[in-house]
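Protein chains in written order, with my numbering: chain A, 1451 to 1540; chain B, 20 to 473.
Glycine residues also receive a C-beta, built at the ideal position from the N, C-alpha and C atoms.
In this text, all values refer to a predicted model and were calculated from it rather than measured experimentally.
A short write-up of the structure that comes next.
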């Protein structure tokens, strides 16, 4: 499985999750896990997604998600899972 | 499954604490480029480098994108050119043509430095070695990206004092040749003792003759991450402090290991080593000096500095070796003056001097690094400094080096601006007493007694 971590950080507003998830669904990216909190008005979300069936290559998807983030005033970041698993799992 | 805390910790390291992979360095053997015809050698070298390394920069950028981690430098190291050009070069000027070819190849593939304009003369110099050494001032003055290193001693062979004496003059000549740009040529020239074959860091990287045809070596960084981590251990005892450094070093190195494996896979070139060095940059918060100050020193250079550095260096290694299958290169904290804001400040306020820096090099890699000294320093004094550093390396069975910049036209108290990652440095005073008679004795310092292990 080709797992990617998407993190979204920024000022909370209506429809952040909806926008991101709609985009992912349109591009056949499957969401495996979501956690989300609001700390002092700041929206903080982490998603684990599976990109096996993705309609677009990683780079393009990352750029487009970043673009969506810019539109709604949040920072969206895509990273392949390994950078986290390597660092935090022995 | 990963949790949000872990993901945020990693991203905080990258975004706020300046964690990066300092360099992916591709080592390329040029032994198969040897020829007795100079034009043929140049052509073969250019062709080999531009073929083997053609995808290095693009793959580096791809990996940066995939993991959202900056890979600051993509570089190349090659077989010491004194060996490659030995049969074709009949005078120092011939070697300069090879330097220009290396520069052209580096620009073509888009790497910012190419190392290996080198000679290994720890015991003696061949004619070719001497031609190469004598060509260094011109070679570094007429190229932008070529880096040069000379190994003048080792624990096994002792110190080649003829080469040390010559290098004092060469460093001065290089400063003179590049005086319009604050003697910047000297920033690309390192004199080593016990030089490693697989060092990915410039200016001392070369691809040793014991290495494969091509190899990927990676240098990690992350002083800012270590500094932030040990803030949580303020006031705690050494056990807690060491444990914190070790765990952080493990995490940093794992990122390096991941990047190295990915680069190796995508370029289809074997993975060599991870270099565990903590490499600072002039950016605030990316400083080894700040770590030492966080450990408990008012300023770097204060009594206790050497002990704090020894501790830091050792814990970084202990954490790092578990994170990577192969560790090599220099692997230690770097203490360059101009590339570390905390070091610059300490020198400027008089807390840190050349002698204390020398003491610090006994317990860490790599040596007297990026230190600006007055342009009127005699060649024999520079040779004396090189001899002292080499002796530390030879006796302690470790790598030591000297990258010192006698800035033409500048004296103590003035500042030199090198730009970019090379930073800026205050010109430091050098001991005024002469060592000319010592340096000019000629010959070799024999290998130390503990090198006879067979």
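Based on the DSSP output, what are the partners of residue i in its beta bridges?
i                       : result
residue 110 of chain B  : Per DSSP, none; premise fails for residue 110 of chain B.
residue 294 of chain B  : B:238
residue 387 of chain B  : B:421
residue 445 of chain B  : B:434
residue 243 of chain B  : DSSP, once it has assigned bridges, lists no residue as partnering residue 243 of chain B.
residue 206 of chain B  : In the DSSP output, where bridge partners are listed per residue, residue 206 of chain B has none listed.
residue 1539 of chain A : In DSSP, residue 1539 of chain A forms no bridge with anything.
residue 1488 of chain A : A:1493
residue 1529 of chain A : A:1455
residue 211 of chain B  : B:170, B:420
residue 393 of chain B  : B:426
Leaving aside the five residues before and after residue i along the sequence, list all residues of the same chain whose C-beta is less than 7 Å from its C-beta, in chain order.
i                       : result
residue 163 of chain B  : 122
residue 1540 of chain A : none
residue 280 of chain B  : 290
residue 69 of chain B   : 124, 127, 128
Could you name the residues of the same chain whose beta carbon sits closer than 6 Å to that of residue i, not counting the 5 residues immediately before and after it, in chain order?
i                       : result
residue 243 of chain B  : 36, 37, 304, 305
residue 202 of chain B  : 194, 424, 426, 427
residue 469 of chain B  : none
residue 1485 of chain A : 1496
Could you tell me whether the Cβ of residue i comes closer than 8 Å to any Cβ of chain A?
i                      : result
residue 263 of chain B : no
residue 524 of chain B : For residue 524 of chain B there is no data in the structure shown, the boundaries of chain B being 20 and 473.
residue 273 of chain B : yes
residue 83 of chain B  : no
residue 287 of chain B : no
residue 86 of chain B  : yes
residue 29 of chain B  : yes
residue 374 of chain B : no
Along the chain, where does the alpha helix (DSSP H) that runs through residue i open and close?
i                       : result
residue 276 of chain B  : 257-286
residue 1471 of chain A : 1466-1476
residue 1522 of chain A : 1508-1522
residue 402 of chain B  : 398-415
residue 42 of chain B   : Residue 42 of chain B -> not in any alpha helix (DSSP H); beta strand (DSSP E) instead, spanning 40-47.
residue 354 of chain B  : Looking at the DSSP string, residue 354 of chain B is not in any alpha helix (DSSP H), and its letter there is neither H nor E.
residue 468 of chain B  : First-last for residue 468 of chain B: undefined, no H or E at that position.
Assuming residue i contacts residue j under a Cβ cut-off of 8 Å, what Cβ separation, rounded to an integer in Å, is found between them?
i                      : j                      : result
residue 171 of chain B : residue 140 of chain B : 6 Å
residue 330 of chain B : residue 319 of chain B : Contact flag wrong, Cβ pair sits at about 14 Å.
residue 160 of chain B : residue 120 of chain B : Their Cβ separation, rounded to whole angstroms, is 16 Å, which puts residue 160 of chain B and residue 120 of chain B out of contact at 8 Å.
What does a CB cutoff of less than 8 Å around residue i pick up in its chain, not counting 5 residues either side in sequence?
i                       : result
residue 1491 of chain A : 1461, 1462
residue 345 of chain B  : 290, 291, 292, 293
residue 461 of chain B  : 180, 181, 184
Give a yes or no on whether 8 Å exceeds the smallest Cβ distance from residue i to chain B.
i                       : result
residue 1493 of chain A : no
residue 1490 of chain A : no
residue 1537 of chain A : yes
residue 1509 of chain A : yes
residue 1470 of chain A : no
residue 1516 of chain A : no
residue 1505 of chain A : no
residue 1451 of chain A : no
residue 1461 of chain A : no
residue 1501 of chain A : no
I need the boundaries of the beta strand (DSSP E) containing residue i, first residue and last residue.
i                       : result
residue 1451 of chain A : Counting along the chain, residue 1451 of chain A falls outside any beta strand (DSSP E), and DSSP gives it neither H nor E.
residue 103 of chain B  : No beta strand (DSSP E) contains residue 103 of chain B, which is instead part of the alpha helix (DSSP H) from 100-103.
residue 56 of chain B   : Premise fails: residue 56 of chain B is in no beta strand (DSSP E) and is neither H nor E.
residue 171 of chain B  : 165-173
residue 139 of chain B  : 132-139
residue 93 of chain B   : 90-97
residue 177 of chain B  : 177-179
Check your understanding: What residues in the stretch 328-344 of chain B have a beta carbon less than 7 Å from any beta carbon of chain C?
Key -> Here the protein chains are A and B, and chain C is not one of them.
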